[in-house]
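Asks:
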Amino acid sequence: MMTIQPLAPDDAPAVAAMREAASAHKGEKLGPEARPMFDAMFVATPAAADVRIEPATVGGIAGFWLRLPNPRSGARILYLHGGGYVLGSAEALTNFAGQIATRVGADAFVPDYRLAPEHPFPAAIDDAVAAYRGLITEGAERIVVVGDSAGGGLTLSLLSILAADKTKGKVQPVGAAVMSPWTDLALTGDSLETRAEADPIFTRGVLQAFADLYLQGQDATNSKASPLYAQLRDLPPIRIDVGDDELLLADSIRYADRARAAGVDVTLSIWEGMPHVFQSSLGRFRAAEQSVDAIGAFLRQRLADVSPSNSTPSEV
Numbered sequence: 001m002m003t004i005q006p007l008a009p010d011d012a013p014a015v016a017a018m019r020e021a022a023s024a025h026k027g028e029k030l031g032p033e034a035r036p037m038f039d040a041m042f043v044a045t046p047a048a049a050d051v052r053i054e055p056a057t058v059g060g061i062a063g064f065w066l067r068l069p070n071p072r073s074g075a076r077i078l079y080l081h082g083g084g085y086v087l088g089s090a091e092a093l094t095n096f097a098g099q100i101a102t103r104v105g106a107d108a109f110v111p112d113y114r115l116a117p118e119h120p121f122p123a124a125i126d127d128a129v130a131a132y133r134g135l136i137t138e139g140a141e142r143i144v145v146v147g148d149s150a151g152g153g154l155t156l157s158l159l160s161i162l163a164a165d166k167t168k169g170k171v172q173p174v175g176a177a178v179m180s181p182w183t184d185l186a187l188t189g190d191s192l193e194t195r196a197e198a199d200p201i202f203t204r205g206v207l208q209a210f211a212d213l214y215l216q217g218q219d220a221t222n223s224k225a226s227p228l229y230a231q232l233r234d235l236p237p238i239r240i241d242v243g244d245d246e247l248l249l250a251d252s253i254r255y256a257d258r259a260r261a262a263g264v265d266v267t268l269s270i271w272e273g274m275p276h277v278f279q280s281s282l283g284r285f286r287a288a289e290q291s292v293d294a295i296g297a298f299l300r301q302r303l304a305d306v307s308p309s310n311s312t313p314s315e316v
């Protein structure tokens with residue numbers, strides 16, 4: 001199912017202001033030196049009430065637990081942050097991930113997966129797999145995976161890797177939600193041209209620089225790096241939210257089309273006028289609130305639809 005969400009009239013002024021502020025920096029290449037600035041953007045997301053933040057290690061990967069007062073028993077969220085595989089941190093994403101955890105009603109773990117260029121591909125996806133399997137080892141019965149941008153790409157790659165484990169009796173995610181996922185590090189989507197002017201943040205050059213730092217000469221179409229090229233059969237239901245005004249629009253549309261053709265239950269929601277990972281602008285865009293609410297409802301339903309008797313932990 002694909003839906004187009006029109007730009008709400010009361011969001012138009014905020015979008016215009018954001019575009020004006022971003023225009024001076026569009027096309028600036030971002031390396032490790034930009035990590036403090038990038039983290040500061042996400043720290044500005046309002047924190048959800050009554051979420052307790054706990055440093056922790058799961059599956060050998062350091063990160064943070066977001067604990068709710070009355071979480072759903074046996075349910076866990078694995079949240080994978082974005083940042084082009086070069087930027088971002090678990091700590092900076094605790095506010096935003098906490099907003100999602102509150103809406104889902106489940107505790108969330110945000111891993112600090114290793115970043116490039118210090119740790120090139122496949123470090124990030126290896127850490128995502130380790131964190132997921134660590135949740136199972138710790139007794140999780142039902143898991144949903146959430147990711148934004150590069151973290152959305154990690155989420156979708158993780159689903160395909162785990163689906164290949166089904167024959168080994170390993171516990172599968174019951175659902176996933178991704179926001180503006182980067183699914184094709186080869187940068188072949190037509191929106192790189194058709195949204196070149198509309199995107200207020202990225203240029204092809206910025207994305208290419210991220211991909212180069214992460215891949216360091218490895219194949220951009222490797223399915224563990226670019227889930228668009230992965231085996232997509234036997235995946236759980238997936239919700240994809242993406243802005244209509246972003247270079248990575250085609251990454252979402254093409255992935256949704258391929259997954260649907262493989263028999264996956266995919267919900268694709270395209271938000272007119274919205275930029276990359278607009279959901280983090282809670283309190284600024286009404287669309288952000290609507291999208292995060294819809295993501296929360298989708299994941300709640302996925303957790304409710306699967307009974308513990310059907311997802312008993314086994315070999316991990």
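Numbering-wise, the UniProt record's numbering puts 156 at position 156 of the sequence shown, and it's gapless, one number per residue. A virtual CB, placed ideally from N, CA and C, is assigned to each residue, including glycine. Since we're looking at a predicted model, the values are computed, not measured.
Where DSSP assigns a beta bridge to VAL144, which residues make up the other side?
Replies: ILE77 and GLY175
Asks: Is ALA150 closer than 8 Å to TRP182 when the C-beta atoms are compared?
Replies: yes
Asks: Given 8 Å as the limit, is there contact between the segment 119-130 and the segment 42-62, that is, 3 or more CB pairs closer than that?
Replies: yes
Asks: So, using beta-carbon positions, are GLN301 and SER291 closer together than 8 Å?
Replies: no
Asks: On a Cα-Cα basis, can you pick out the residue from GLY273, SER191, ILE100 and ARG72 that is closest to ALA140?
Replies: Taking only the C-alpha atoms, the option nearest ALA140 is ARG72.
Asks: Got a sec: does the ligand ATP put a non-hydrogen atom nearer than 7 Å to the Cβ of LYS166?
Replies: The model depicted lacks the ligand ATP and carries no ligand whatsoever.
Asks: Decide if THR312 is buried, meaning its Cβ has at least 16 other Cβ atoms within 10 Å, or exposed.
Replies: Note on THR312: pLDDT 37, under 50, position unreliable in the model; no value is reported.
Asks: Identify every run of the beta strand (DSSP E) within the segment 212-284, keeping only runs that are complete inside it and at least 3 residues long; order them along the chain.
Replies: 238-243 and 266-271
Asks: Can you name, in chain order, every residue of its own chain whose Cβ lies under 6 Å from the Cβ of PRO117, other than the five neighbours on each side?
Replies: LEU213
Asks: For the structure I just gave you, are there three or more beta carbon pairs, one from the segment 8-17 and one from the segment 30-41, closer than 8 Å?
Replies: no
Asks: Count the other CB atoms within 10 Å of the CB of GLU315; is the residue buried (16 or more) or exposed (fewer)?
Replies: Here the model assigns GLU315 a pLDDT of 33, short of 50, so the residue's position is not dependable, and the following value carries that caveat. Label assigned to GLU315: exposed.
Asks: Kindly indicate which three-state DSSP category ARG114 falls into: helix, strand or coil?
Replies: Assigned with DSSP and collapsed to three states, ARG114 falls in coil, not helix or strand.
Asks: On the three-state DSSP scale, how would you describe PHE64?
Replies: strand
Asks: Quick one: what does DSSP say ILE295 is sitting in, helix, strand or coil?
Replies: helix
Asks: Please state whether DSSP places ASP165 in a helix, a strand or coil.
Replies: coil
Asks: If we ignore side chains and look at the alpha-carbon of each, how far apart do GLY273 and THR137 end up?
Replies: 42 Å
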